[in-house]
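Residue numbers for the sequence shown follow numbering that gives the first Met the number 0, beginning at 0 and rising by one.
Presented below is the structure to which this report refers.
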Amino acid sequence: MCGIQQADELRRTLVVKFTVTDKSKHTTMHPIPLHNVSRLAPVVGANRSKFLRLIMNEQNAREISNKETTSTSEDGAKRELEALYHCGAYQVMAFLAFTAACFAFSSNLTFMTYSGWEPPWECYIESEIAGSSNSTQDQCTAFENGQCTNITWSNVLFSSIVHEWNLLCNQRNKVYLSMTVQMAGNLLGVPLITQMSDFYGRRVALLTISAGHLIAGVGTSLCNTWETFTACRFVAGFFAIGFVSTSSVYLLETVSQKKRMLLMSIGGINTGILLTAGVAPLLRKWRLLALCSGCIAAVSLAIIAYLSETPRWLMQRGKTADARRVYLRILRLNCKSKEQLSNAQWDSLVEHIKVMKPKRRTFWHLFCDREISKRTIVACQSMITMTLTSASLLYSVVNLAGNLYENYAIFASVRWVAGALGMLADHFIPSLGRKLFMGVLISIVFCCLLGLTVIEWLACDCPALKNALVFIGSGAYSPVWIVLLLVVMELYPTSMRSIATGFTGFFGEIGSVIMPQLLILGQRWKPGKWLVLTILCSCFLASFTIFIPETKGRPLTDDYVKEKKVKSTVAPKASSD
0 MCGIQQADEL RRTLVVKFTV TDKSKHTTMH PIPLHNVSRL APVVGANRSK FLRLIMNEQN
60 AREISNKETT STSEDGAKRE LEALYHCGAY QVMAFLAFTA ACFAFSSNLT FMTYSGWEPP
120 WECYIESEIA GSSNSTQDQC TAFENGQCTN ITWSNVLFSS IVHEWNLLCN QRNKVYLSMT
180 VQMAGNLLGV PLITQMSDFY GRRVALLTIS AGHLIAGVGT SLCNTWETFT ACRFVAGFFA
240 IGFVSTSSVY LLETVSQKKR MLLMSIGGIN TGILLTAGVA PLLRKWRLLA LCSGCIAAVS
300 LAIIAYLSET PRWLMQRGKT ADARRVYLRI LRLNCKSKEQ LSNAQWDSLV EHIKVMKPKR
360 RTFWHLFCDR EISKRTIVAC QSMITMTLTS ASLLYSVVNL AGNLYENYAI FASVRWVAGA
420 LGMLADHFIP SLGRKLFMGV LISIVFCCLL GLTVIEWLAC DCPALKNALV FIGSGAYSPV
480 WIVLLLVVME LYPTSMRSIA TGFTGFFGEI GSVIMPQLLI LGQRWKPGKW LVLTILCSCF
540 LASFTIFIPE TKGRPLTDDY VKEKKVKSTV APKASSD
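This is how it looks when you write it as structure tokens:
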């Protein structure tokens, strides 16, 4: 009697192993190829049909398993890496770190506006009040000659360095010098911090920035002289400028593309300015405001220390094992461990992302060919225009009719509401691309700047209209910041993303250095400032629309590959021999 006692799974050689027991009770193993199954009839006997059915079922199961493995691997490769993290506690912590970073940066941005504010004052000369009968110029003359035996301040809403150190008249140049030194710190900090972000990782750069800003904030609050104050502002500017660009890149590589605009609108610079406008009336002193900025940086430092490096940067650097470990940690913190990719899916994803050997990029690679050079030049020109316009609108708030705190509260609220509306439009209108959205917003800003130019040119006495145009222009520019930052980060690959944001930010800080000269032009010829901004805004609109491609909905890339033109060649005709 013969029969099948065991049938293993088919191997790659499609060999079937079975056991045959004869009458002498000897057991032998016979490897039988699949195409020789028909020869088993004399051996198998009555079990032949059962044996064939078993083999065919195993073969079909193997083919189906191979197809499923291939399809799941391809599906894992096509999915966006950031979407695989899901949304949970890890993304919330990354968002809080981003919000704290933007709050620290915004407080640093508006710090000199509050600390350089000059309250109303009067100068006593020989028991007479010079301000009661003489002009401000007479008071300054008396102050510069040392004739002011006592200075009386009135309506001191905020205790600034002008109030504490009597930086009046010709001494007020020290305030502008401190502002210039802080902007110089921004100018030097941008390329170094962003280069660190791409070379050593987003997390290392953010830890360095947070620690440096914490030291600068605490040091500023302890200054007793103008010289040490200016030195601390340089350090604060050096580290603060990298907060937004680096934290934005970290958030971009942590959340899916559908949530980027949403989170950057809710917790971005607009929220930081709004929080600063709410905190300043409560603190009412420049020392406390500087200390608050440092404490916020400490919050960002603590959160970033708990988080990990982004898996996308690790993959781009070839550290796939570390990327896998961080990916599993993110899923564990988000309580989504059951949703993790299989080994085959992960390997397919890694091969899809890491196509070539990672290269270290520098600022020179932003001009490696004509196409990317045009985009870089347009982005830099756009950033200069944005910085000049935004800063001019910000510092115009001081000269508007109304209370200092009220004006800044309205200014910050309008920016935040406009940013929120822009976020809702981007989220619920998928067809609204970055270019169309940017074109509409810049057109609104252009109309506001043109209106301010006409008002100043005609010397119209209409403060309400001027206030409205400033606030509307500021509100329209609020989403422009977010959209432009998103476009720059989405436009460049992972190997150049922080470098690109840093390089464009560097030109933005050049705009900050130029800005005081633009304010001086506005003092000498009032329409001049707004006229220059109107021309720059029109150039911004035209160049962005023509040269920048649409980036909304496009997956992030990891390295830049030059497109080589392939010349079409005509195949030689075959000889008719």
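From the three backbone atoms N, C-alpha and C, an ideal C-beta is built for every residue, glycine too.
Kindly indicate which residue of V203, A411, L490 has the alpha-carbon position closest to the one of P478.
P478 has its Cα closest to that of A411, out of V203, A411, L490.
Determine, using beta-carbon pairs with one atom in the segment 192-200 and one in the segment 499-508, whether at least three such pairs fall under 8 Å.
Short answer: they touch.
Looking at C-alpha atoms only, which residue of S430, F157, L221 is the closest neighbour of R283?
Of the candidates S430, F157, L221, the one whose C-alpha sits nearest the C-alpha of R283 is F157.
Count the other CB atoms, across all protein chains shown, that sit within 10 Å of the CB of C461; report buried if there are 16 or more and exposed otherwise.
C461 should be labelled exposed.
Does N149 come out as helix, strand or coil in the three-state DSSP assignment?
Strand, per DSSP.
Helix, strand or coil, according to DSSP, for V453 in the structure here?
Helix.
For H85, which of V278, I481, N333 has the nearest alpha-carbon?
Taking only the C-alpha atoms, the option nearest H85 is N333.
Can you tell which of R316, Q315, F546, W345 has the C-alpha that lies nearest to the C-alpha of L327?
With distances taken between Cα atoms, L327 lies closest to W345.
Taking only runs that begin and end inside the segment 186-260, name each unbroken alpha helix (DSSP H) of 4 or more residues, in chain order.
Counting whole runs of 4 or more residues, the segment 186-260 contains the alpha helix (DSSP H) stretches 201-220, 225-251.
Are the beta-carbon atoms of L273 and Y394 separated by less than 8 Å?
Not closer than 8 Å, so no.
Pull up the CB-CB distance for R202 and S307, whole angstroms please, since I reckon it's below 8 Å.
7 Å between Cβ atoms; contact.
For G584, which residues in the same chain have their Cβ closer than 6 Å to its Cβ, ignoring the five residues on either side in sequence?
No information on residue 584 is available, as it lies outside the stretch 0 to 576 that the chain covers here.
Taking C-beta to C-beta, are M488 and A390 nearer than 8 Å?
Against a cut-off of 8 Å, the Cβ pair of A390 and M488 comes out as no contact.
Taking 8 Å as the threshold, find out whether the segment 252-263 comes into contact with the segment 418-430 through three or more Cβ pairs.
They touch, by the three-pair rule.
Can the beta-carbon of V482 be found closer than 8 Å to that of R433?
Yes.
Less than 8 Å between the C-beta atoms of G115 and L213, yes or no?
Taking 8 Å as the Cβ cut-off, G115 and L213 do not qualify as a contacting pair.
Go through its chain and collect everything with a Cβ distance to C536's Cβ below 8 Å, but skip five positions before and after it.
Result list for C536: T384, T388, I441, V444, F445, L448, in chain order.
Could you check which residue in N169, A96, T253 has the C-alpha nearest to that of L83?
Cα-wise, what sits closest to L83 is T253.
Confirm, please, whether the CB-CB distance from V486 to I428 is below 8 Å.
Cβ atoms of I428 and V486: not closer than 8 Å.
Is the segment 174-188 close to the segment 218-237, with three or more CB pairs under 8 Å?
The segment 174-188, when compared against the segment 218-237, does touch it at the 8 Å Cβ threshold.
Of the choices G521, I295, I302, whose alpha-carbon is the least far from that of M92?
The candidate whose alpha carbon is nearest that of M92 is I302.
For the alpha helix (DSSP H) holding Q170, just list the boundary residues, first then last.
Counting along the chain, Q170 falls outside any alpha helix (DSSP H), and DSSP gives it neither H nor E.
Quick one: what's got a C-beta closer than 7 Å to V217's C-beta in the same chain, skipping five residues either side?
Counting only Cβ-Cβ distances below 7 Å, and skipping sequence neighbours, we find L290, G293.
Spatial neighbours of G474 within its chain, please: C-beta separation below 8 Å, excluding the five flanking residues on both sides.
Contacts found: V413, R414, V416, A417.
Tell me the DSSP secondary structure of E121 in three-state form.
Three-state result, E121: strand.
Within this structure, are the beta carbons of V298 and A99 separated by less than 8 Å?
Against a cut-off of 8 Å, the Cβ pair of A99 and V298 comes out as a contact.
By how many angstroms is the C-alpha of A467 removed from the C-alpha of A276?
Their Cα atoms are separated by approximately 19 Å.
Identify whether S497 lies in helix, strand or coil by the three-state DSSP scheme.
DSSP places S497 in helix when its eight states are reduced to three.
Roughly how many whole angstroms lie between the Cα atoms of M437 and T550?
M437 and T550: Cα-Cα distance of roughly 12 Å.
Within the same chain, show all residues whose beta-carbon is closer than 7 Å to that of A296, passing over the 5 residues directly before and after it, in chain order.
If we look at A296 and ignore the five residues flanking it on each side, its Cβ neighbours are A103, S209, H212, L213, G216.
With respect to the alpha helix (DSSP H) encompassing I371, which residues constitute its N-terminal and C-terminal limits?
Residues 369-395.
Compute the beta-carbon to beta-carbon distance between R311 and L80, rounded to the nearest angstrom, for a pair I have assumed lies under 8 Å.
At roughly 6 Å, the Cβ-Cβ gap stays under 8 Å, so R311 and L80 are in contact.
When DSSP labels each residue in this structure, what does K551 get in the three-state scheme?
If DSSP states are grouped into helix, strand and coil, K551 belongs with coil.
Taking the alpha-carbon positions, what's the G87 to G200 distance?
Computed Cα separation, rounded: 23 Å.
With DSSP as the reference, label P158 as helix, strand or coil.
Per the sequence shown, the amino acid found at residue 158 is Ser instead of Pro. In this structure, S158 counts as strand in the three-state DSSP scheme.
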